[in-house]
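If you're matching them up, the sequences are chains G and Z in order.
For what it's worth, the numbering used here labels the leading residue of the first sequence as 1, then goes sequentially.
For what it's worth, the numbering used here labels the leading residue of the second sequence as 1001, then goes sequentially.
Ideal placement from N, C-alpha and C gives every residue a C-beta, glycine not left out.
As the structure is a computational prediction, the values presented were derived from the model and not from experiment.
Notes to accompany the following structure.
Protein chains: 2
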Amino acid sequence: MKLQNDTFLKALMREPTDYTPVWMMRQAGRYLPEYRESRKTAGSFLQLCKNPSFATEVTLQPLDRYPLLDASILFSDILTVPDAMGLGLYFEEGEGPKFERTLREEADIQKLAVPDMASLQYVFDAVSQIRKTLNGRVPLIGFSGSPWTLATYMVEGKGGTDFLTIKKMAYARPDLLHRILDITAQTVIQYLNAQIAAGAQAVMIFDSWGGALSHNAYIEFSLNYMQKIVNGLTREHDGRIVPRIVFTKGGALWLEAQAEIGADVLGLDWAVDIGSARKRVGDKVALQGNLDPAILLSTPAAIEKEVVNILASYGHGNGHVFNLGHGITQWTPQENAAAMLAAVREHSRQYHSK
Amino acid sequence: MKLQNDTFLKALMREPTDYTPVWMMRQAGRYLPEYRESRKTAGSFLQLCKNPSFATEVTLQPLDRYPLLDASILFSDILTVPDAMGLGLYFEEGEGPKFERTLREEADIQKLAVPDMASLQYVFDAVSQIRKTLNGRVPLIGFSGSPWTLATYMVEGKGGTDFLTIKKMAYARPDLLHRILDITAQTVIQYLNAQIAAGAQAVMIFDSWGGALSHNAYIEFSLNYMQKIVNGLTREHDGRIVPRIVFTKGGALWLEAQAEIGADVLGLDWAVDIGSARKRVGDKVALQGNLDPAILLSTPAAIEKEVVNILASYGHGNGHVFNLGHGITQWTPQENAAAMLAAVREHSRQYHSK
């Protein structure tokens, strides 16, 4: 199964392409009626993730609808990892993910260990099955949460809070937090390497909550552990380099530091002007981003204008993968996603000349 | 009533001081038992704001407890302004502020007007009464929300969301949003000038949600309107310049642009290293910040270490007002706030030499 479209993989490695490749974070998701249908059949979000056939089905859905997508991403969730570490992931309808247990007591933290990867076999099976079904249409991205981000869920028990419990730990008992982060980083290395072995052709680390930290705390508690992971990843598989994308949401203040950890690509949220970001990182890394997903709620004309702005701001040359700055929202009209993809393809060719 | 401690006002104008002055955002607040007592007596948060005697009482509470504070800030809320504009502010126990009406329909937006400042007289009365009661101990800061931040509440009906409704308006109907922002900016100019006339010795614009925008959208929808306000403010009162502080939470990517709007001081949240921020803005503005308030939940020793780091990062010379990067949390032990204030006073003298 020869890869028919390698534009995405080339752009990640800053090699020449004919146009700027594009995919959308959370492209298999609730804005698609076919996804909502699959989810109803599967019974829940977690059952979609844990059943390789369902995961394959929904991973492929956006590709069938939008032929202009240049990459697919494993349908899964970053919280499969703390779930495998024994914290008991569950979802309450209409609310974010939660955990039955939290990691706050020293005794619990001492007991934390790298889980047997067999407990995550359903993820690797999904990767294999998706690769088989894709049959070389576009590359498949594997992913994991960053240790800091996973730790926020493990310590707080949920996401998107003020992070007061984990920050209190970071300053009052940094030794305990470092233990959690270290074990989580070891776990993520094994987890991503198993995804690569199963067929993931690029990997992305999502640091969804790194932006909540101060500069120094970000380096100490988030970036250092992403660096450990990058250093521990399989570099080549099946005769091809496996590019690493690192994305800290809200982290554009720290791009210079991110560019030094050995990642091939940095993800950008919408806050930063991508042209300024490119100047700051030079030729060290490619960049992925960064349209505000809220713009997809407006009109095709407004979307096209913003796509044009981002492409022009990045400018001529290689090393840009177009994406949203965060996951596509469930309220996105499908024709607006299509308008974005068409605008990227139409307006990006002028910036690429072989 | 001669001002007995003008260290804060001098630092705002980058004049020499003996030490780095300090105050804490939301220093009159729920972490203080005397505040909780006053609130119980008043009946609610809004009744504290709307009664000048209660507002005076709680404004003074942190000064009585912490003699090392170099400034006081009017006890009020940024949402008094949209409330005066007719949106019907209310609070539900345990939740954030909400509005009875939202501004989404073109007809409603066309009807929006600058309110009569008489509807905000209780705020100006509070300023006068606080000044009288302070009797020159420390300067008094007046404040307002930024037009963008106030508009998020007016359009969304509440704060801290994904801002999808207002962003959709920003991209699909920018004319409507600009109308809201323009009228709000005119209102804020009158509001802050009336606070200055009543005795506010410095003013601060809180742009709590500017950080949710993209670079271009921040300039267009938030920063431009803060510039209009700064241009419309009374520059001198009672023989003294009234310094202007502009603070966009999550906005440290855009400090260079913020430094150009005529503000004397930029507020910093904790994400940015204050030394890097100082290099980026040069001698255009003073800086205020930027300890992560979560650190106040840890230990006095950890707090002292972080205070030392921030002071050292800013380095020698004038133009630094120490503060938290956001409001102090209700779970802060009072002795930890005291430890921060003592550390600032103790360790900052070495960076000031007249």
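Burial state of residue i, where buried means 16 or more other Cβ atoms lie within 10 Å
{"i": "Z/Asp983", "result": "With chain Z covering only 1001 through 1354, there is no way to say anything about residue 983 of chain Z."}
{"i": "G/Asp269", "result": "buried"}
{"i": "G/Met24", "result": "buried"}
{"i": "G/His360", "result": "This structure gives no information on residue 360 of chain G, because the portion of chain G shown stretches from 1 to 354."}
{"i": "Z/Tyr1090", "result": "exposed"}
{"i": "G/His316", "result": "exposed"}
{"i": "G/Asp207", "result": "buried"}
{"i": "Z/Asp1283", "result": "exposed"}
{"i": "G/Pro382", "result": "The requested residue 382 of chain G does not occur in the structure, where chain G is confined to residues 1 to 354."}
{"i": "G/Lys50", "result": "buried"}
{"i": "G/Ala200", "result": "buried"}
{"i": "Z/Gln1004", "result": "exposed"}
{"i": "Z/Arg1349", "result": "exposed"}
{"i": "G/Arg14", "result": "buried"}
{"i": "G/Pro62", "result": "buried"}
{"i": "G/Gly289", "result": "buried"}
{"i": "Z/Arg1244", "result": "buried"}
Distance between beta carbons of residue j and residue i, contact taken as under 8 Å
{"i": "G/Trp331", "j": "Z/Leu1164", "result": "7 Å"}
{"i": "G/Asp291", "j": "G/Val265", "result": "Sequence check: residue 291 of chain G is Leu here, not Asp. 17 Å between Cβ atoms; not a contact."}
{"i": "G/Lys167", "j": "Z/Ala1343", "result": "18 Å between Cβ atoms; not a contact."}
{"i": "Z/Asp1064", "j": "Z/Val1022", "result": "So it is not a contact: roughly 16 Å between Cβ atoms."}
{"i": "G/Ser76", "j": "G/Ala55", "result": "7 Å"}
{"i": "Z/Tyr1153", "j": "Z/Leu1079", "result": "6 Å"}
{"i": "G/Gly211", "j": "G/Thr149", "result": "At roughly 10 Å, the Cβ-Cβ gap does not stay under 8 Å, so G/Gly211 and G/Thr149 are not in contact."}
{"i": "G/Ala338", "j": "G/Tyr66", "result": "6 Å"}
{"i": "Z/Ile1196", "j": "Z/Val1230", "result": "Not confirmed; about 13 Å, so no contact."}
{"i": "G/Pro139", "j": "G/Ala202", "result": "6 Å"}
{"i": "G/Gly43", "j": "G/Gly96", "result": "Not a contact, Cβ separation roughly 19 Å."}
{"i": "Z/Val1246", "j": "Z/Ile1205", "result": "5 Å"}
Helix, strand or coil at residue i according to DSSP, with G and I counted as helix
{"i": "G/Leu89", "result": "strand"}
{"i": "Z/Glu1106", "result": "helix"}
{"i": "G/Val242", "result": "coil"}
{"i": "G/Glu236", "result": "strand"}
{"i": "G/Ala271", "result": "coil"}
{"i": "G/Asp175", "result": "helix"}
{"i": "G/Asn231", "result": "helix"}
{"i": "G/Val22", "result": "strand"}
{"i": "G/Gly327", "result": "coil"}
{"i": "G/Asn358", "result": "The displayed coordinates of chain G run from 1 to 354. Any statement about residue 358 of chain G would go beyond what the structure contains."}
{"i": "G/Asp207", "result": "strand"}
{"i": "Z/Ser1053", "result": "helix"}
{"i": "G/Phe75", "result": "coil"}
{"i": "Z/Pro1333", "result": "coil"}
{"i": "Z/Lys977", "result": "Nothing can be reported for residue 977 of chain Z, as the shown portion of chain Z is limited to 1001 through 1354."}
{"i": "G/Leu112", "result": "coil"}
{"i": "G/Val265", "result": "strand"}
{"i": "G/Ser38", "result": "helix"}
Sequence-distant residues of its chain with Cβ nearer than 7 Å to residue i (five each side left out)
{"i": "Z/Glu1106", "result": "Leu1176"}
{"i": "Z/Gly1275", "result": "Ser1313, Tyr1314, Gly1315"}
{"i": "G/Ile183", "result": "Leu112, Ala113, Val114"}
{"i": "G/Arg39", "result": "Phe45, Leu48"}
{"i": "G/Arg26", "result": "Gly327, Ile328"}
{"i": "Z/Asn1135", "result": "Met1001"}
{"i": "Z/Leu1213", "result": "Phe1221, Ser1222"}
Residues near residue i in its chain [Cβ-Cβ closer than 8 Å; skip 5 each side]
{"i": "Z/Arg1104", "result": "Val1155, Thr1165, Met1169"}
{"i": "G/Ile367", "result": "In the structure as shown, chain G begins at 1 and stops at 354. Residue 367 of chain G is therefore absent and cannot be evaluated."}
{"i": "Z/Leu1120", "result": "Thr1080, Val1081, Ala1084, Tyr1191, Ala1194"}
{"i": "Z/Thr1017", "result": "Thr1007, Lys1010, Ala1011, Asn1318, His1352"}
Any chain B beta carbon closer than 8 Å to residue i
{"i": "Z/Thr1329", "result": "This model lacks chain B altogether; the protein chains it does include are G and Z."}
Own chain partners of residue i with C-beta closer than 6 Å, once the 5 adjacent residues on each side are dropped
{"i": "Z/Ala1198", "result": "Phe1124, Val1127, Ser1128"}
{"i": "G/Lys228", "result": "Ala185"}
{"i": "G/Lys249", "result": "Ser208, Gly211, Asp269"}
{"i": "G/Glu100", "result": "Gly88"}
Worksheet item: Listed from N- to C-terminal order along the chain, which residues in the stretch 1201–1228 of chain Z have their beta-carbon within a distance smaller than 9 Å of any beta-carbon of chain G?
Response: Gly1211, Ala1212, Leu1213, Ser1214, His1215, Asn1216, Ala1217, Tyr1218
Practice prompt. Please list the residues of the stretch 256–290 of chain G that have a C-beta atom closer than 7 Å to any C-beta atom in chain Z, keeping them in chain order.
Written response: Trp270, Ala271, Val272, Asp273
Practice prompt. Check distances from the C-beta atoms of the stretch 1331–1343 of chain Z to those of chain G and list, in chain order, the residues that come in under 9 Å.
Written response: Trp1331
Discussion item. To be precise: take each residue of the stretch 1140–1166 of chain Z, compare its Cβ to all Cβ atoms of chain G, and keep it if any distance is under 8 Å. Which residues remain?
Written reply: Asp1162, Phe1163, Leu1164
Item to complete: Could you run through the stretch 1307–1325 of chain Z and flag, in chain order, every residue whose CB is less than 8 Å away from some CB of chain G?
Response: Asn1309, Gly1325
Practice prompt. Return the residues of the stretch 170–196 of chain G that lie within a Cβ-Cβ distance of less than 7 Å from chain Z, sorted by chain order.
Written response: Tyr171, Ala172
Item to complete: Can you give me, in chain order, the residues of the stretch 1095–1121 of chain Z that have a beta carbon less than 7 Å from any beta carbon in chain G?
Response: none
Worksheet item: In the stretch 48–72 of chain G, which residues sit with their C-beta less than 8 Å from some C-beta in chain Z, listed in chain order?
Response: none
Worksheet entry | Residues from the stretch 1009–1033 of chain Z in contact with chain G, defined by Cβ distance under 8 Å | none
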